[in-house]
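Every position in the sequence shown, counted from 1, becomes a number in our numbering once 465 is added.
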Amino acid sequence: MTPMSDLMTQAELQRSIEEAVQRTAVIDVHTHLLPASFGPLCLWGIDELVNYHYLVAELFRSSPVTPQQFWALTKAQQADMIWDALFVKNTPLSEATAGVVAVMTKLGLDPTQPDLKQARDYFASVTVEQYINRVLDLANVSELVMTNDPFNPAERVMWEQNKPCPERFHRALRVDPVLNDWGTAAAVMAAAGFNTSPELTVQTIREARRFLELWIARLRPVYLAGSMPFTFTYPDDSPRTRLIHDVVLPTCLHHNIPFALMIGVSRQVNPALKEAGDSVGYADTASVERICAENPGVRFLVTMLARENQHALCVAARKFSNLMPFGCWWFLNNPSIVEEITAERLELLGATTIPQHSDARILDQLIYKWQHSRRTICRALCATYSRLMADGYPLTRKQIDRDVERMFSGNFRKWVGLPDDGARECAPHLVSCK
Ligand code: RAT
Ligand code: ZN
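Next up, the structure:
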């Protein structure tokens, strides 16, 4: 029996949810951030923030500049142009522009300045090491997961040189070229001394696994990951199915590491926009059900890019307990859609999902992405708990705290096997954050 003093009134509900959501530290399960020791690969500061590819895409809607003219500019000139077009000559209404406003405001900078001078002066006065801690504190992010790509030469060399990495920057081994562009992946592996060929011979399969083994030993990743086009079908008679089946899944099983599938991209619909040129397509959720059914021993983290896929993904997760839906990915990371998806997940799956990840590429973005997500998740939780109370349930603060903790970190910790206190035995180049 719950003691009367612990029971919550409707009036207290909103405050309790807000407090729990603000206070609970989050593990950001998918970002593109890298540690300070990776030098130019660690992106932070106003010029990077304003040059975010979400904003680059928006520039061409508000300025007559052509992509060719834009790419010919220096990074600072590009940022000046985006600032002028999206923040001075227009009101920053979009989610990506509002995000820059939120970051600047939190840092005490004026988002209505006619240029970036004030912001540049501020960033010139801080070091990246100080700033990383400040941002993680402001965002209340205790740990984060990077995207680590051994097929990217600039990043690969950092790992080969054993650059130090704080332990709270978890690694995720990204295998996109293996699954989406085998010719390139085989060539990279061959150049690294592996006996791989463009044909998927028995030896090539064995060597591809050996390549992953090497990178698992080096990175100690919390999961393996691949982003899939919206045409992703599993199984089919493509090299991708063969490589998932014979290389990725056996490796995940062997190391007891989950496989993260990010499904629904339509790559480079407008190549002139470079990184900003990708789009979205409706994908096949039956393929997710089939891969989960076929591999009950593998834990899958799945996020899908199309809004229209979200309901079926929740239904799939009701059928397969080895499926963990996570985040509102990329074009879905907008308050109206996050609220809808979070509500849908709560209704179909309770607290057994990971509601959000930031996908931050620039450190500073953690501030706004989590500020906005917390605000929206709070709204979805309020509506769900209100209905539960209206049904006569004697809700307590403790229960709210427990649910939020599960969704913000506990579910992920369990899924990837991270101990509760965050302590893991460190590889020599991984510096404990404790
Ligand atoms: O959200 C993004 O920034 C995208 O460009 C992608 O990085 C996407 O999140 C991915 O991981 O492929
Ligand atoms: Zn991403």
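All residues carry an ideal CB built from backbone N, CA and C; glycine is no exception. Owing to the predicted nature of the structure, the values given are computational and were not obtained by experimental measurement.
C-alpha gap between residue i and residue j, whole angstroms
{"i": "Asn555", "j": "Leu860", "result": "45 Å"}
{"i": "Ala567", "j": "Ile827", "result": "14 Å"}
{"i": "Leu883", "j": "Ile670", "result": "30 Å"}
{"i": "Ala845", "j": "Ala485", "result": "14 Å"}
{"i": "Phe588", "j": "Gly510", "result": "6 Å"}
{"i": "Ser590", "j": "Arg675", "result": "46 Å"}
{"i": "Val622", "j": "Ala544", "result": "29 Å"}
{"i": "Ala741", "j": "Asp824", "result": "14 Å"}
{"i": "Val713", "j": "Phe616", "result": "16 Å"}
{"i": "Leu679", "j": "Thr661", "result": "15 Å"}
{"i": "Phe785", "j": "Gly573", "result": "47 Å"}
{"i": "Ser838", "j": "Ala816", "result": "16 Å"}
{"i": "Gln830", "j": "Leu558", "result": "17 Å"}
{"i": "Ile597", "j": "Thr570", "result": "17 Å"}
{"i": "Val640", "j": "Ser692", "result": "8 Å"}
{"i": "Asn798", "j": "Phe552", "result": "20 Å"}
{"i": "His635", "j": "Tyr747", "result": "30 Å"}
{"i": "Arg889", "j": "Pro629", "result": "For Arg889, the predicted model reports a pLDDT of 48, less than 50, meaning its position is unreliable; a value from the coordinates is still stated below. Taking the straight line from one Cα to the other gives about 16 Å."}
{"i": "Trp408", "j": "Arg683", "result": "There is simply no residue 408 to check, as the chain begins at 466 and stops at 899 in what is shown."}
{"i": "Leu766", "j": "Tyr699", "result": "16 Å"}
{"i": "Asp493", "j": "Ile802", "result": "19 Å"}
{"i": "Ala764", "j": "Asn787", "result": "Note on identity: in this sequence residue 764 is Arg, with Ala being the wrong assignment. Approximately 5 Å between the Cα atoms of the pair."}
{"i": "Thr531", "j": "Phe525", "result": "7 Å"}
DSSP three-state assignment for residue i, whether helix, strand or coil
{"i": "Met623", "result": "helix"}
{"i": "Leu689", "result": "strand"}
{"i": "Asn639", "result": "Looking at the sequence provided, one finds Arg at residue 639 rather than Asn. Note: Arg639 maps to strand in three-state DSSP."}
{"i": "Val494", "result": "coil"}
{"i": "Thr841", "result": "helix"}
{"i": "Leu846", "result": "helix"}
{"i": "Phe785", "result": "coil"}
{"i": "Thr942", "result": "The requested residue 942 is not part of the displayed model; the chain covers only 466 to 899."}
{"i": "Pro529", "result": "coil"}
{"i": "Thr570", "result": "helix"}
{"i": "Ala758", "result": "helix"}
{"i": "Pro800", "result": "helix"}
{"i": "Ala537", "result": "coil"}
{"i": "Thr617", "result": "First, the amino acid is wrong: residue 617 is Asn here, not Thr. Asn617 falls in the coil class under three-state DSSP."}
{"i": "Leu708", "result": "helix"}
{"i": "Val515", "result": "helix"}
{"i": "Gly882", "result": "coil"}
{"i": "Ala943", "result": "The question about residue 943 has no answer here: the residues shown for the chain are numbered 466 through 899."}
{"i": "Tyr833", "result": "helix"}
{"i": "Asn876", "result": "helix"}
{"i": "Val486", "result": "helix"}
{"i": "Thr666", "result": "coil"}
{"i": "Pro629", "result": "coil"}
Close-in-space but distant-in-sequence residues of the same chain around residue i (CB under 8 Å, 5 per side omitted)
{"i": "Gly648", "result": "Pro663"}
{"i": "Ala476", "result": "none"}
Closer than 9 Å to chain D by CB, residue i
{"i": "Asp701", "result": "In summary, chain D is missing from the structure at hand, where a single protein chain is found."}
Residue i beta carbon near ligand 1 (any heavy atom closer than 8 Å)
{"i": "Trp465", "result": "What is shown of the chain runs 466 to 899, which leaves residue 465 out entirely."}
{"i": "Arg636", "result": "no"}
{"i": "Val767", "result": "no"}
{"i": "Asp743", "result": "yes"}
{"i": "Glu620", "result": "no"}
{"i": "Tyr519", "result": "yes"}
{"i": "Glu740", "result": "yes"}
{"i": "Val730", "result": "yes"}
Check: residue i C-beta below 8 Å from any heavy atom of ligand 2
{"i": "His497", "result": "yes"}
{"i": "Asp824", "result": "yes"}
{"i": "Ser692", "result": "yes"}
{"i": "Met727", "result": "yes"}
{"i": "Trp795", "result": "yes"}
{"i": "Thr531", "result": "no"}
{"i": "Ala612", "result": "For clarity, residue 612 is Thr in the given sequence; the question names Ala instead. At least one heavy atom of ligand 2 is nearer than 8 Å to the Cβ of Thr612, so yes."}
Bridge-paired residues (DSSP) for residue i
{"i": "Ser731", "result": "Ser744"}
{"i": "Phe791", "result": "Ile819"}
{"i": "Pro715", "result": "Pro715 pairs with nothing; no bridge assigned."}
{"i": "Val908", "result": "Here the chain has residues from 466 to 899 only, and residue 908 is not among them."}
{"i": "Phe634", "result": "Leu609"}
{"i": "Leu472", "result": "Thr861"}
{"i": "Pro458", "result": "Coverage of the chain is limited to positions 466 through 899, which leaves residue 458 absent and any answer about it impossible."}
{"i": "Phe724", "result": "Leu689, Phe765"}
Close-in-space but distant-in-sequence residues of the same chain around residue i (CB under 7 Å, 5 per side omitted)
{"i": "Val881", "result": "Val687, Tyr688, Pro723"}
Cβ-based neighbour list, residue i, same chain, cut-off 6 Å, excluding 5 preceding and 5 following
{"i": "Phe873", "result": "Thr489, Val491"}
{"i": "Trp835", "result": "Ala604"}
{"i": "Thr768", "result": "Met727, Phe791, Gly792, Trp794"}
{"i": "Pro505", "result": "none"}
{"i": "Thr818", "result": "Pro790, Arg810"}
{"i": "Glu754", "result": "Ala781"}
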